[in-house]
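Each number in the working numbering corresponds to the 1-based position in the sequence shown with 64 added.
Worksheet: one structure, shown below.
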Amino acid sequence: MPPTIYIDADACPVTSEALVVARKSKVPVVVAGNSTQNLARHIRRGDPREPTGGFWVDTLAVGVGADAADFAIVQELEPGDIVVTQDIGLAAMALGRGARAIGVRGRVFTLATIDLDMHIRHEEKKVRRQGGRTHGPAAFEEDDRERFVANLQRLVNEALREEGKPSPRDAIF
Numbered sequence: 065m066p067p068t069i070y071i072d073a074d075a076c077p078v079t080s081e082a083l084v085v086a087r088k089s090k091v092p093v094v095v096a097g098n099s100t101q102n103l104a105r106h107i108r109r110g111d112p113r114e115p116t117g118g119f120w121v122d123t124l125a126v127g128v129g130a131d132a133a134d135f136a137i138v139q140e141l142e143p144g145d146i147v148v149t150q151d152i153g154l155a156a157m158a159l160g161r162g163a164r165a166i167g168v169r170g171r172v173f174t175l176a177t178i179d180l181d182m183h184i185r186h187e188e189k190k191v192r193r194q195g196g197r198t199h200g201p202a203a204f205e206e207d208d209r210e211r212f213v214a215n216l217q218r219l220v221n222e223a224l225r226e227e228g229k230p231s232p233r234d235a236i237f
């Protein structure tokens with residue numbers, strides 16, 4: 065089964081780029097968000113001969129809640145799937161499920177780096193809780209968009225090459 069790209073629709077500036085990569089690679093997409101978002105605008109009709117049954121983009125609407133979409137995505141993930149997210153916590157959970165994770169600026173999260181990412185997030189949260197300020201992200205640039213497309217395509221290609229091979233996660237469980 066081909067990998068599925070899951071998009072955390074919460075303020076995702078690269079949804080249309082992810083859909084282009086998915087369409088070109090013939091992999092299904094699930095756009096997840098809460099019920100207040102207009103997820104239906106992402107549904108695309110595909111070729112009925114495709115393995116996705118003609119619908120290559122689906123939506124996963126969840127209730128309103130801080131991490132409702134994140135947990136819904138994690139429950140659906142299979143090893144080899146890909147998650148597009150700005151949320152480091154969701155990226156960590158995805159990696160733990162044997163999936164791949166990429167940020168909207170094209171940064172690929174890995175098991176080797178996710179602990180440091182989580183630590184930095186925790187420290188910045190402590191500073192903010194104590195009334196301090198932390199730097200927000202830089203303005204989203206065209207370079208970010210290009211890096212995202214290139215790295216997402218690389219992740220999809222890797223996942224397609226590894227399709228059908230036993231996952232290292234299978235050896236653990």
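Every residue, glycine too, gets a C-beta built ideally from N, C-alpha and C.
Bear in mind the structure is a predicted one, so any value in this text is a computation, not a measurement.
Cα-Cα separation between residue i and residue j, rounded to whole angstroms
{"i": "Phe204", "j": "Arg169", "result": "8 Å"}
{"i": "Asp151", "j": "Gln217", "result": "20 Å"}
{"i": "Val78", "j": "Gly195", "result": "32 Å"}
{"i": "Asp181", "j": "Arg87", "result": "31 Å"}
{"i": "Phe212", "j": "Ala125", "result": "24 Å"}
{"i": "Pro92", "j": "His186", "result": "33 Å"}
{"i": "Gly129", "j": "Ala165", "result": "22 Å"}
{"i": "Asn215", "j": "Thr198", "result": "28 Å"}
{"i": "Ala136", "j": "Thr149", "result": "13 Å"}
{"i": "Val121", "j": "Pro66", "result": "14 Å"}
{"i": "Asp131", "j": "Gly153", "result": "10 Å"}
{"i": "Glu142", "j": "Val172", "result": "18 Å"}
Where residue i falls, given that 16 or more other Cβ within 10 Å makes a residue buried
{"i": "Ile178", "result": "buried"}
{"i": "Asp72", "result": "buried"}
Counterpart residues of residue i in DSSP-defined beta bridges
{"i": "Val191", "result": "Its beta-bridge partners do not exist; DSSP assigns none."}
{"i": "Arg164", "result": "Ile146"}
{"i": "Leu224", "result": "Answer by DSSP bridge pairing: none, since Leu224 is not bridged."}
{"i": "Ala125", "result": "Gly97"}
{"i": "Asp72", "result": "Ala96"}
Pick from the options that is closest to residue i, judged by C-alpha positions
{"i": "Leu224", "options": "Ile184, Lys90, Ala125", "result": "Lys90"}
{"i": "Asp208", "options": "Glu226, Gly167, Phe173", "result": "Gly167"}
{"i": "Val94", "options": "Lys189, Ala176, Val128, Ile146", "result": "Ile146"}
{"i": "Val242", "options": "Ala96, Asp74, Ile69", "result": "Only positions 65 to 237 of the chain appear in this structure, which leaves residue 242 out of reach."}
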